[in-house]
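Numbering-wise, the sequence shown is residues -23 to -1, 1 to 201 according to mature numbering (1 follows the signal peptide of the UniProt record, and there is no 0). The beta-carbon is built from N, C-alpha and C at its ideal position, and this holds for glycine as well. A short worksheet on the structure shown next.
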Amino acid sequence: MISVAHKSIALLLCALPFGGAQALIDISPKILEMRDEKAEVRVSNTGDTPEFVTVTLYLVTNPGVPAEDEQLIPLGIVKDPHLYAAPFKLSLAPRQEKKVQLQTLTRPVKEKVYRLAVIPEQKVNVSGSQSGVIVVGLGFNGLVRQLPSRQAVTWQHQCGVGEITLVATGTVRVEFRELMINGKGADDFNVYPDAPRQLAARRVSGEVEGKPFNLQCDPDKQQE
């Protein structure tokens, strides 16, 4: 079970921007697909003053939901993690770039999704105090997709009372685009293995992996 504290972390990280006038730290790429045993993310200081940043990798336990609803667990408390990121802290001079290394510990059977949080800190002195205070600045929240060796894109739907559930039955996510739900346009989304998506709808159409689909469920019957 994910604690309230972890949910608070999720809300904090999802509020972090991918860019902005106030942000002096940048990361590239912002979406990373782990297809091999190793990968790297470049962290750069675009400002004119030194920056100190912390790097934390979080497992997303409910991928595919809106960012503000994601539930995140720090990998440091995950038993038998599949992925590792280092270093945990970086010091960056003005205009300097350094690398964060991602190392596969165990290749997953199904796709796993992570958030890589890179958050700058600045230590400032407070009048009348002998110690400094850490001020957290704007950071970045990148997406990491750790892919299995065997990648299969398959899906199915289930009809419920007043709802349709989409299930990714393969090993990687399924992309749903150009959606119409009950005759109204809807935002694109992805459905991940072991993370079904429920829609309060009787009719859903659009494109799945580039191919058209059209679903219609009887509102008075629930699939067994």
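Among the options, nearest to residue i - alpha-carbon criterion
i, options, result
"residue 127", "150, 135, 136", "150"
"residue 166", "154, 60, 160, 10", "154"
"residue 123", "71, 134, 35", "35"
"residue 70", "53, 24, 33, 56", "24"
"residue 61", "15, 72, 41, 29", "15"
"residue 1", "145, 57, 73", "73"
"residue 39", "33, 92, 68", "92"
"residue 5", "179, 22, 85", "22"
"residue 195", "184, 177, 119", "177"
"residue 84", "59, 65, 134", "59"
"residue 163", "145, 82, 170, 183", "183"
"residue 96", "191, 125, 193, 3", "3"
"residue 169", "41, 27, 13", "41"
Residue i in three-state terms, based on DSSP
i, result
"residue 178", "coil"
"residue 143", "strand"
"residue 53", "helix"
"residue 202", "What the structure shows of the chain is the stretch from -23 to 201, and residue 202 is not part of that stretch, so it cannot be assessed."
"residue 113", "Confidence at residue 113 is low in this model, with a pLDDT of 43, below 50, so its placement is unreliable and no value can be given for it."
"residue 184", "strand"
"residue 155", "strand"
"residue 3", "strand"
"residue 10", "strand"
"residue 172", "strand"
"residue -3", "Residue confidence for residue -3 is low, a pLDDT of 36 falling below 50, so the modelled location carries little weight and cannot support an answer."
"residue 45", "helix"
"residue 131", "coil"
Opposing strand residues paired with residue i [DSSP bridges]
i, result
"residue 80", "15, 61"
"residue 27", "According to DSSP, which records beta bridges pairwise, residue 27 is partnered with nothing at all."
"residue 219", "Limits of the chain in this structure are -23 at one end and 201 at the other, which puts residue 219 out of reach."
"residue 75", "20"
"residue 137", "140"
"residue 125", "Its beta-bridge partners do not exist; DSSP assigns none."
"residue 39", "In the DSSP output, where bridge partners are listed per residue, residue 39 has none listed."
"residue 193", "180"
"residue 90", "122"
"residue 160", "In the DSSP output, where bridge partners are listed per residue, residue 160 has none listed."
Supposed contact pair residue j and residue i - C-beta distance, whole angstroms, cut 8 Å
i, j, result
"residue 20", "residue 77", "6 Å"
"residue 159", "residue 174", "About 15 Å separates the two Cβ atoms, so there is no contact after all."
"residue 148", "residue 87", "5 Å"
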